[in-house]
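Numbering (this note's numbering), first residue to last: -11 to 119. Shown next, in structure tokens, is the structure this report addresses.
Written out as structure tokens, the structure reads:
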């Protein structure tokens, strides 16, 4: 019954997850949204750039597969560097958000931009202007 809404739900999920991920990057790069600047720490700067840029690209559906693959890898590194040393279970070592982001981004990397994306809009407009 709800299967026909799958493409819309996927695009909404991609938008929300990308937006939230970009917010994490904004915290690190700009010190906003309750975060603090991490631009003087090389790891924090790299994480902020990846999170902000990939989050925006994933959110709008532009090069989503590439951006999500990189973001998934960054979240795996973040989990194993910051959370796994505190214990095995993500729920106990406070790494469940990193694990969720990692696997959601892996899914987005496999699915691509989706029907509701900048890439799809561009392709449709190109098809109309160049029949």
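Beta carbons: idealized from backbone N, C-alpha and C, even for Gly. From a predicted model like this one, the values you see are computed outputs, not experimental measurements.
Kindly give me the distance between the Cβ atoms of residue 46 and residue 52, rounded to whole angstroms, as I take these residues to be in contact under 8 Å.
-> As a first step, residue 46 is located in the chain shown; it is residue number 58 there, counting from the start. As a first step, residue 52 is located in the chain shown; it is residue number 64 there, counting from the start. Going by Cβ atoms, the distance from residue 46 to residue 52 rounds to 5 Å, so yes, they are a contact pair.
Count the CB pairs spanning the stretch 28 to 46 and the stretch -3 to 14 that are closer than 8 Å, and state whether there are at least three.
-> yes
Terminal residues of the alpha helix (DSSP H) in which residue 81 lies = Stepping through the chain shown from its first residue, residue 81 is reached at position 93. Looking at the DSSP string, the run of the alpha helix (DSSP H) that includes residue 81 is 78 to 81.
Check the C-beta distance from residue 2 over to residue 102 and give it rounded, since I have them as a contact under 8 Å.
-> Residue mapping note: residue 2 aligns to position 14 of the chain shown, counting from 1. Residue mapping note: residue 102 aligns to position 114 of the chain shown, counting from 1. With 8 Å as the limit, residue 2 and residue 102 qualify as a contact, their Cβ atoms being about 6 Å apart.
May I ask you to report which of helix, strand or coil DSSP gives residue 54?
-> Stepping through the chain shown from its first residue, residue 54 is reached at position 66. It is helical.
For residue 110 and residue 116, the rounded distance between their alpha carbons | Reading the chain shown from its first residue, position 128 is the one you call residue 116. Reading the chain shown from its first residue, position 122 is the one you call residue 110. Going from the Cα of residue 116 to the Cα of residue 110 covers about 10 Å.
What are the boundary residues of the alpha helix (DSSP H) that residue 14 is part of?
-> Numbered from 1 along the chain shown, position 26 holds the residue referred to as residue 14. Counting along the chain, the alpha helix (DSSP H) containing residue 14 begins and ends at -6 to 18.
What is the DSSP secondary structure of residue -11, reduced to helix, strand or coil?
-> By 1-based counting over the chain shown, the position of residue -11 is 1. Residue -11: coil per DSSP, three-state reduction.
Please classify residue 27: does DSSP put it in a helix, a strand, or coil?
-> Counting from one through the chain shown, the residue named residue 27 turns up at place 39. Residue 27: coil per DSSP, three-state reduction.
Once you ignore the five residues that flank residue 104 on each side, which residues in its own chain have a CB closer than 6 Å to its CB?
-> Here residue 104 refers to the residue found at position 116 of the chain shown. Answer for residue 104: -1, listed in chain order.
Could you tell me which of 22, 100, 77 sits nearest to residue 56, measuring between CA atoms?
-> Here residue 56 refers to the residue found at position 68 when the chain shown is read from its first residue. Cα-wise, what sits closest to residue 56 is 100.
Put residue 49 into one of helix, strand or coil per three-state DSSP.
-> Against the chain shown, residue 49 aligns to sequence position 61. Three-state DSSP puts residue 49 in coil, outside helix and strand.
Cβ neighbour criterion (16 or more within 10 Å) applied to residue -7 | Here the question's residue -7 lines up with position 5 in the chain shown. It counts as exposed.
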